[in-house]
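Numbering (the UniProt record's numbering), first residue to last: 1 to 575. Where a beta carbon is used, it is the ideal one built from N, C-alpha and C, also for glycine. On a predicted model such as this, the values are computed, not experimentally measured, just so you know. Quick notes on the structure that follows.
Shown next, in the form of structure tokens:
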């Protein structure tokens, strides 16, 4: 069922028409003249990297920019945020259950924008990085089951391969190269930057010795960052309908129609993504400086959109949820469950929702579990499994928090609370600071625009406040809580706090391997209960999403997944 909320923020609630969800090959060019016009989208978080598959570059902003620059077999989309196959890129199907075998076929016409075929060397680079082969030589956000597959077999130029699993993997449909954080990247570029021919690179990938790959892996992990502006276009080819043609750091990214794209052309010739602070986005939309905005909603932004008569808008529930993470590698909470419990007791979760979320979504509730959305199967079961911990530590109790601090001789403990700089998180940080200072902590609150770029990956925090952009699959959140090999930006994947628990690792394995939904829900509930018992993170609230757009554009379709509004950017067009 659709997660769109029947709520109007502007004068009129309008659902724009959307192209077919199951056939992305349909033409978007109704006039027959090819792509035309420019659509401008405002985004607050800065674009940082062409390769968002690495642990340090896995951000929503990077993913939204590359959504239709780097293609794959599927992406999250439509109004429900569910999986949408991209048959223009290729097809895949499960062909056996024992062992689980999934066969993938890339479109025979698929080429990089520089003319290089998308084939075996790209496949092997994808698998090597995503499987964690060679002890994680290539950085990845999380292996998500690929680590349990045999090395694919393919010859130079082949466009087909199979993933054969050593163990069952319930979320196999979400594996394979996609438009998200398992994107296929251009192996010929990595080979050249590593001082290898494409043939030498493929041979090394198919071998057992990582030594020849060291220089190539360094480029893969670090060479695609965009801090210095647009790199040599030869380094960033496209496998989708758009190519990055301009980048002004902290200002804008320009995507232009990829004329070597083998599929039907997109509707717009150009998409410009401008970096605009969220509090300035409504004015930019009203002034027609941009066509589409998707800011994190605040009371003020909701009121601005409500009072505007010349824009269309919609509120939608999102899989994204806000949370507080503890640093288990360093600082006051690393080895102290009582201090983590005391901090949980001082956090004003209900006040945060009442002051920051309900003015936008009146029936919003405090989120009591992490990995299951309130509308997904198993949510109530997960809440019930954690009921004792939620009752004891889920409601603010300043007096009890201070009592714990006194018992631990920890009154005055300094806590570095860090987050991304935006209005809602600044407001939330202020509320948490006031409450937890009253309990006896000494909160040092920091909000920075480069939070995701430096402070979070470098673990320069004791408590981090941010959001996970979720999805319906279980493998998507699995790596967030799995024990890490090393607590470094490249080694910890999504487990930013570097939490470790072998018991939880076993449960995470089990939930990935069961294909029985009832059993998966039971294990998920057990995982949630353990996360509460260990006080690994503190869930806060499900994100409401606001999308607003100019009446001059069409095919703007909100969805609750991590891809956000950009999921169908290839369909955006001028009226």
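For residue 125, the enclosing alpha helix (DSSP H) covers residues 120-131. Residue pairing from DSSP places residue 42 in a beta bridge opposite 274, 293. Shown here, residue 188 sits in a helix according to DSSP, grouped into three states. Per DSSP, reduced to three states, the secondary structure at residue 539 is strand. Straight across, the Cα-Cα distance linking residue 281 with residue 315 is about 16 Å. Collapsing the DSSP output to three states places residue 70 in coil. For residue 396, the closest C-alpha among the options 511, 428, 343 is that of 343.
Between the beta-carbon of residue 171 and that of residue 425 there is about 31 Å, and that puts the pair past the 8 Å contact cut. Judged by DSSP in its simplified three-state form, residue 233 adopts helix.
No Cβ-Cβ contact shorter than 9 Å links residue 418 with residue 225. Assignment of residue 161 by DSSP, reduced to helix, strand and coil, places it in the strand class. Only residues of its own chain outside the window of five on either side were considered, and among them 47, 65, 247, 273 have a CB closer than 6 Å to the CB of residue 253, listed in chain order. For residue 427, the uninterrupted alpha helix (DSSP H) run begins and ends at 423-439, by DSSP. The beta-bridge partner set that DSSP reports for residue 398 is empty. C-alpha of residue 348 to C-alpha of residue 360: approximately 19 Å in a straight line.
The beta strand (DSSP E) runs lying completely inside the region 49-106 and spanning 3 residues or more are 74-77, 82-85, 90-97, 100-106, given in chain order.
Unbroken beta strand (DSSP E) runs of no fewer than 3 residues, entirely contained in the region 218-263, are found at 242-248, 252-257, following chain order.
By alpha-carbon distance to residue 286, the top candidate from 563, 40, 317 is 40. Rounded to whole angstroms, the gap between the alpha carbons of residue 106 and residue 158 is 9 Å. Going by C-alpha positions, residue 328 is about 16 Å away from residue 503.
DSSP lists 414 as the beta-bridge partner residues of residue 442.
The DSSP assignment places no complete run of the beta strand (DSSP E) inside the region 487-515 (cut-off: 3 residues). Straight-line measurement puts the Cα of residue 442 at about 26 Å from the Cα of residue 368. Separation of the CB atoms of residue 262 and residue 116 is rounded to 13 Å, and the pair is thereby denied contact status at 8 Å.
Listed in chain order, the non-local C-beta contacts of residue 198 below 6 Å within the same chain comprise 121, 188, 191, local neighbours out to five positions each way being set aside. At a Cβ-Cβ threshold of 9 Å, residue 339 and residue 410 count as neighbours. Buried is the label assigned to residue 312, since at least 16 other Cβ atoms lie within 10 Å of its Cβ. The beta carbons of residue 139 and residue 56 sit closer together than 9 Å. Per DSSP, the continuous beta strand (DSSP E) segment holding residue 464 begins and ends at 463-468.
Comparing alpha-carbon positions, the option among 569, 546, 562, 545 lying closest to residue 556 turns out to be 569.
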